Amino acid sequence: MRLKAFVAMLLGFFLAGALAAQGIQAPPPVPPLDPQNTLLLDLSTGGRVAIQLRPDVAPKTVERIKTLARRGFYNGLTFHRVIDGFMAQTGDPKGDGTGGSDLPNLPAEFNGLPHVRGAVAAARAEEENSANSQFYVMFAPKLALDGHYTVFGRVVSGMSYVDAINRGEPPAQPSVIVQASIAADNVPPPSADKVAAAQSRTGAALALPTTGHAAGPAPPPPPSIKIPDPPKPRPQKPN
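Under the numbering used here, the sequence shown has 160 at position 146, and the numbering climbs by one with no breaks.
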């Protein structure tokens, strides 16, 4: 056992050195799940998505997301830009990629978290310090974006409901965030009225959750296609 531990330690040092030699920042270690830093998104696709937030690497961005979620800012907002094989973008009250909250724009917090499947990052304009309220969830890896956008979390459950988000720029019938909340706040599932309101926007029947974790059939994964080149999240324009 000691020999295995020693070999594992040597391998870790070797990999870290190899990454450093190539100028690649190693991802920070994943902390334990914390309800205070877990974002819950109840989607019109029929279920609840849990996102582990990472204040250890993006404190200002995480605090902004939590503040807006607690305000109810994200409730009812659409996924206005959804590219199959790439990402789903939301968080714009205007629904066209140009809107944001009434809070100041955020400084960039680029870090070692990679753009892998399920990664969640802050959308921005060309100016690095222009992120505000919009964010996107990755359907597939796109490591070329690393170091250019602030990754602040990753989906830890409910990715099938993200996969089911309607595609388009914008989608003909955009999927909706019915409710966003922080796990520690113990916010009840969306009411029938909220679900009905989201249903009227998507034009599709939704699964009505009956417990804290919304139930619904897991949709099939999206077809594997080549990621558009060069796609990058298009966020709100700077004020």
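We treat Cβ as the ideally placed atom computed from N, Cα and C, and that holds for glycine.
A quick note: this is a predicted structure, and the numbers were derived from the prediction, not measured.
Proximity below 8 Å, CB of residue i to CB of residue j
{"i": "V71", "j": "H129", "result": "no"}
{"i": "E142", "j": "A122", "result": "yes"}
{"i": "L57", "j": "V192", "result": "yes"}
{"i": "A83", "j": "S195", "result": "yes"}
{"i": "L120", "j": "A136", "result": "yes"}
{"i": "R78", "j": "L117", "result": "yes"}
{"i": "V151", "j": "A102", "result": "yes"}
{"i": "P49", "j": "A211", "result": "no"}
Three-way DSSP call (helix, strand, coil) for residue i in this model
{"i": "S195", "result": "strand"}
{"i": "I79", "result": "helix"}
{"i": "L57", "result": "strand"}
{"i": "P242", "result": "In this prediction, P242 scores a pLDDT of 35, lower than 50, which makes its location untrustworthy; the coordinate-derived value is nonetheless stated afterwards. Note: P242 maps to coil in three-state DSSP."}
{"i": "Q103", "result": "strand"}
{"i": "S144", "result": "coil"}
{"i": "S171", "result": "strand"}
{"i": "P201", "result": "Residue identity differs from the one stated: residue 201 is Val in this sequence, not Pro. Residue state, collapsed to three classes: coil."}
{"i": "Q187", "result": "coil"}
{"i": "L117", "result": "coil"}
{"i": "A136", "result": "strand"}
{"i": "R181", "result": "coil"}
{"i": "A64", "result": "strand"}
{"i": "V96", "result": "strand"}
{"i": "V165", "result": "strand"}
{"i": "V209", "result": "helix"}
{"i": "V151", "result": "strand"}
Beta-carbon contacts of residue i that lie in its chain and below 7 Å, excluding the five residues immediately before and after
{"i": "V76", "result": "N51, L67, R68, P69, F166"}
{"i": "G86", "result": "none"}
{"i": "Y88", "result": "L82, G105, I191, A194"}
{"i": "K74", "result": "L120, P121, E123"}
{"i": "V176", "result": "V63, A102, V151, V169"}
{"i": "P155", "result": "H129, V130, R131"}
Integer Cβ distance of residue i from residue j, believed to fall under 8 Å
{"i": "R181", "j": "V96", "result": "5 Å"}
{"i": "G99", "j": "F153", "result": "6 Å"}
{"i": "T59", "j": "A178", "result": "4 Å"}
{"i": "G283", "j": "F124", "result": "The structure shown has nothing for residue 283, since the chain only spans 15 to 253."}
{"i": "S115", "j": "S144", "result": "At roughly 13 Å, the Cβ-Cβ gap does not stay under 8 Å, so S115 and S144 are not in contact."}
Residues near residue i in its chain [Cβ-Cβ closer than 6 Å; skip 5 each side]
{"i": "P184", "result": "H94"}
{"i": "Y163", "result": "A135"}
{"i": "P42", "result": "V71, G126"}
{"i": "V170", "result": "A64, Q66"}
{"i": "L55", "result": "V63, I191, A194"}
{"i": "G132", "result": "R168, V169, M173"}
Cut-off 8 Å between Cβ atoms - residues of its own chain near residue i, not counting five sequence neighbours on either side
{"i": "L91", "result": "T104, G105, D106, P107, G109, V190, I191"}
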